[in-house]
Amino acid sequence: TAVRGWKDALQVVVGALEATMRQNHLTDAKPNYPVAFTEDNVEVWAGLADYARLSESIGDLRQADSANASAAESRLAITESLWSKSSADWVVNKGAGMANWSKFYPDAQAQLWPALVDFRSVPGNRSCSSLAERFVAAQGSAWSGVQVDGFPHAMLALPLVHCGQGNLVSKFLESVQRKFFPGMAWPWHIAEAGGFVAGAQALLSADASRLQPRSPSPCVSTSGEVNASC
Numbered sequence: 008t009a010v011r012g013w014k015d016a017l018q019v020v021v022g023a024l025e026a027t028m029r030q031n032h033l034t035d036a037k038p039n040y041p042v043a044f045t046e047d048n049v050e051v052w053a054g055l056a057d058y059a060r061l062s063e064s065i066g067d068l069r070q071a072d073s074a075n076a077s078a079a080e081s082r083l084a085i086t087e088s089l090w091s092k093s094s095a096d097w098v099v100n101k102g103a104g105m106a107n108w109s110k111f112y113p114d115a116q117a118q119l120w121p122a123l124v125d126f127r128s129v130p131g132n133r134s135c136s137s138l139a140e141r142f143v144a145a146q147g148s149a150w151s152g153v154q155v156d157g158f159p160h161a162m163l164a165l166p167l168v169h170c171g172q173g174n175l176v177s178k179f180l181e182s183v184q185r186k187f188f189p190g191m192a193w194p195w196h197i198a199e200a201g202g203f204v205a206g207a208q209a210l211l212s213a214d215a216s217r218l219q220p221r222s223p224s225p226c227v228s229t230s231g232e233v234n235a236s237c
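Take 8 as the starting number for the sequence shown in our numbering and just add one per residue.
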């Protein structure tokens, strides 16, 4: 019911994506600002994929098929146009040179954006862990200490947990609490709060998984004996 109520509004959002999409299936920042940024295009791909799932959930298979097709074209364009095989990282935007990892925004941050929405590895990139390790080397202490700029950039916590940097994220969450809680004054805002919660939940889930025994013994054996360690 909720999705059906927002159907027209969602179509307006999709229309905005289509208005900035080129023939190469990359979207520009604005109609009058023809620059195809990696972060923007990853968000577009994720939005199209989500819209397809929402459309399918209400039985609108025509819209779902159309959005899925657009999402597939977007994903392919990102992989082919925005991944640098020579440097094994993401360019900031189509046509840009190699990313400058010593520059937090947009260069270093853009490297984690694909992992934020579980964008799969591209050819030549073993996994997101390699990019996360490079991010930590270049920006880890500044980001975890909330010293990049005025903003905490909390949304990066989620991909960093997924890419194996839970210890860094734990330090970051502690720094955020010292600096922004309980007042939560600007530049703290709702997107930072969402990033903080998502990162904390992912970290908690990752910690819980690590604490689970790899080959747990059954609490009760087939012969009826109770395992005291349970």
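Ideal placement from N, C-alpha and C gives every residue a C-beta, glycine not left out.
- Classified as buried, His169 has 16 or more neighbouring CB atoms from the shown chains inside 10 Å of its CB.
- Using a Cβ distance threshold of 8 Å, Ala164 and Gly104 do not count as a contacting pair.
- Taking a contact as a CB-CB distance under 8 Å, the pair Ser182 and Ser151 counts as one, their CB atoms being some 6 Å apart.
- By the Cβ test, the segment 27–47 is in contact with the segment 77–89, since at least three Cβ pairs between them sit closer than 8 Å.
- Annotation for Ala149: Val155 place their beta carbon closer than 6 Å to its own, counting only its chain and skipping 5 residues before and after.
- Of the residues assessed, Phe142 falls on the buried side of the cut-off, its CB having 16 or more other CB atoms within 10 angstroms.
- Of the candidates Val49, Gly54, Gly147, Ala26, Val49 places its Cα closest to the Cα of Val99.
- For Ser91, the pairing in a beta bridge is given by DSSP as Asp96.
- Taking Pro166 as the centre and dropping the five residues before and after it, the same chain places the C-beta of Leu119, Ala122, Leu123 closer than 6 Å to its C-beta, in chain order.
- Taking every protein chain shown into account, the CB of Ser93 has fewer than 16 other CB atoms within 10 angstroms, so this residue is exposed.
- Only residues of its own chain outside the window of five on either side were considered, and among them Ser151, Gly152 have a CB closer than 8 Å to the CB of Lys178, listed in chain order.
- The DSSP-derived three-state label of Lys101 is coil.
- The residues Thr34, in chain order, have a CB closer than 7 Å to that of Met28 in the same chain once the five nearest residues on each side in sequence are set aside.
- The C-beta of Gly22 has fewer than 16 other C-beta atoms within 10 Å across all chains shown, which makes the residue exposed.
- In the three-state reduction of the DSSP assignment, Met162 falls in the helix class.
- Using a 10 angstroms sphere on the CB of Arg82, the tally of other CB atoms reaches 16 or more, which defines it as buried.
- Of the other Cβ atoms in all chains shown, fewer than 16 fall within 10 Å of the Cβ of Phe188; this residue is therefore exposed.
- For Thr34, DSSP records a beta bridge to Met28.
- Between Ala145 and Ala115, the C-beta gap is smaller than 8 Å, which places the two residues in contact.
- In the three-state DSSP reduction, Phe187 falls in the helix class (H, G or I).
- Cβ-Cβ distances below 7 Å link Pro194 to Gly157, Phe158 in the same chain, with the five nearest sequence neighbours on each side left out; the list follows chain order.
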